[in-house]
Amino acid sequence: MMSSLQAAQFPGACGLRYRNPESQCMRGVRLVEGVLHAPENEWGNLVYVVNYPKDNKRKMEEIDAASAVKVKRGFQKTSDLIVLGLPWKTTEQDLKDYFSTFGEVIMVQVKRDAKTGNSKGFGFVRFADYETQTKVITQRHMIDGRWCDCKLPNSKVCPDEPMRSRKIFVGRCTEDMTPDELRQYFMQYGEVTDVFIPKPFRAFAFVTFADDQVAQALCGEDLIIKGVSVHISNAEPKHNNIHQLFRNFPGGIASLATQMFGRSQYQSPSSHV
Numbered sequence: 002m003m004s005s006l007q008a009a010q011f012p013g014a015c016g017l018r019y020r021n022p023e024s025q026c027m028r029g030v031r032l033v034e035g036v037l038h039a040p041e042n043e044w045g046n047l048v049y050v051v052n053y054p055k056d057n058k059r060k061m062e063e064i065d066a067a068s069a070v071k072v073k074r075g076f077q078k079t080s081d082l083i084v085l086g087l088p089w090k091t092t093e094q095d096l097k098d099y100f101s102t103f104g105e106v107i108m109v110q111v112k113r114d115a116k117t118g119n120s121k122g123f124g125f126v127r128f129a130d131y132e133t134q135t136k137v138i139t140q141r142h143m144i145d146g147r148w149c150d151c152k153l154p155n156s157k158v159c160p161d162e163p164m165r166s167r168k169i170f171v172g173r174c175t176e177d178m179t180p181d182e183l184r185q186y187f188m189q190y191g192e193v194t195d196v197f198i199p200k201p202f203r204a205f206a207f208v209t210f211a212d213d214q215v216a217q218a219l220c221g222e223d224l225i226i227k228g229v230s231v232h233i234s235n236a237e238p239k240h241n242n243i244h245q246l247f248r249n250f251p252g253g254i255a256s257l258a259t260q261m262f263g264r265s266q267y268q269s270p271s272s273h274v
């Protein structure tokens, strides 16, 4: 009998448990008149845990907790990833074919203009496996001849954020950068609705996208425009943007510049909001 085998192999044991393969919860094996009854009328290919008296209870609970952590990690959910910089010709099938080389793809979408049907220059992809998602985020991707970035939209990181801006702050600009050049550059990431360079020139600009997810996904990035490294941040906090602009200047110049520019109302006119 199963109970006799348990007593012989595990002296001092007082019961037997197994992990439910669906719920991952521990369940006790029914013991009636000294006989252990199989779960669901068959023992199956399950892992069984022997129960001991209370003096060993803490150790068993620690083992169960460790197993629960492993199970939880193994079932981490994937998220929709935003793919920035897509060529206009890229289709959803193209996206699926490319990302399927990394792992199982369960969703792809190319964002398109509702009126024209033209691509907006970005899309979304979702994988079945969390490890695949992590691998894809850590590298750049050559899709249809253009380098693209794949990352988590800020909406996934900060779900409680009440409203996301469609405008970005472009710091460290040079005076030879024109609005048209900035527009052409940022159009690779999505539809651009406005570009504003304050006058007199103050080494920064504002770019507004049609989609707030594109704007938020670019925040925190350092991009190369006309051979110059510019820094992208949110367009709202004026003090932080100015400090970011002068962060590489020596001594107290950064602090002084922050104070000077902080006194001026450099936010764009209402027509550019």
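For the sequence shown, the tail end lands on 274 under the numbering used here, and the numbers increase by one without skipping. No residue lacks a Cβ here, since even glycine has one placed at the ideal position from N, Cα and C. Note that the coordinates shown come from a computational prediction; the quantities given were computed from them, not determined experimentally.
### Message
Give me the residue from F128, R141, G146, R18 with the minimum Cα distance to Q77.
### Response
As a first step, residue 77 must be located in the sequence shown, where it is residue number 76. Of the candidates F128, R141, G146, R18, the residue whose Cα lies closest to the Cα of Q77 is F128.
### Task
Sort Y131, V30, Q94, H232 by Cα distance to I169 and report the nearest one.
Indexing the sequence shown from 1 puts residue 169 at position 168. The shortest C-alpha separation from I169 is found at H232.
### Message
On a Cα-Cα basis, can you pick out the residue from K200, T175, F125 that is closest to A218?
### Response
Numbered from its first residue, the sequence shown carries residue 218 at position 217. With distances taken between Cα atoms, A218 lies closest to F125.
### Separation of K90 from K152, as counted between CA atoms
The residue you call residue 152 lines up with position 151 of the sequence shown. The residue you call residue 90 lines up with position 89 of the sequence shown. Near 21 Å, if we compare the C-alpha coordinates of K90 and K152.
### Query
In whole angstroms, what is the alpha-carbon distance linking M143 and L96?
Working through the sequence shown from its first residue, we reach residue 143 at position 142. Working through the sequence shown from its first residue, we reach residue 96 at position 95. Approximately 11 Å between the Cα atoms of the pair.
### Message
Under 8 Å, with one C-beta from each stretch per pair, do the region 191 to 198 and the region 221 to 230 reach the 3-pair mark?
### Response
Judged by Cβ distances under 8 Å, the region 191 to 198 makes no contact with the region 221 to 230, as fewer than three pairs qualify.
### Query
So is I83 buried or exposed if we call it buried at 16+ other beta carbons inside 10 Å?
Looking up residue 83 in the sequence shown gives position 82. Within a 10 Å sphere around the beta-carbon of I83 sit 16 or more other beta-carbons, which makes this residue buried.
#### Entry: Minimum length 4: unbroken alpha helix (DSSP H) runs contained in the region 139 to 207
Within the region 139 to 207, the alpha helix (DSSP H) runs of at least 4 residues that lie entirely inside it are, in chain order, 155 to 158, 180 to 187.
### Message
Using only CA atoms, which one of F207, Q214, M178, F187 lies nearest to V229?
### Response
The residue you call residue 229 lines up with position 228 of the sequence shown. Ranking the options by Cα distance to V229, first place goes to M178.
#### Entry: Buried versus exposed, by CB contacts within 10 Å (16 or more), S234
In the sequence shown, the residue the question calls residue 234 occupies position 233. So S234 counts as buried.
#### Entry: Short Cβ contact (9 Å threshold) for V30 with R18
Here residue 30 corresponds to residue number 29 of the sequence shown, with the count starting at 1. Here residue 18 corresponds to residue number 17 of the sequence shown, with the count starting at 1. Yes, they are a contact pair.
### Reference S120; option with closest CA among L32, F202, Q189
Along the sequence shown, read from residue 1 onward, the residue named residue 120 stands at position 119. The option with the nearest alpha carbon to S120 is Q189.
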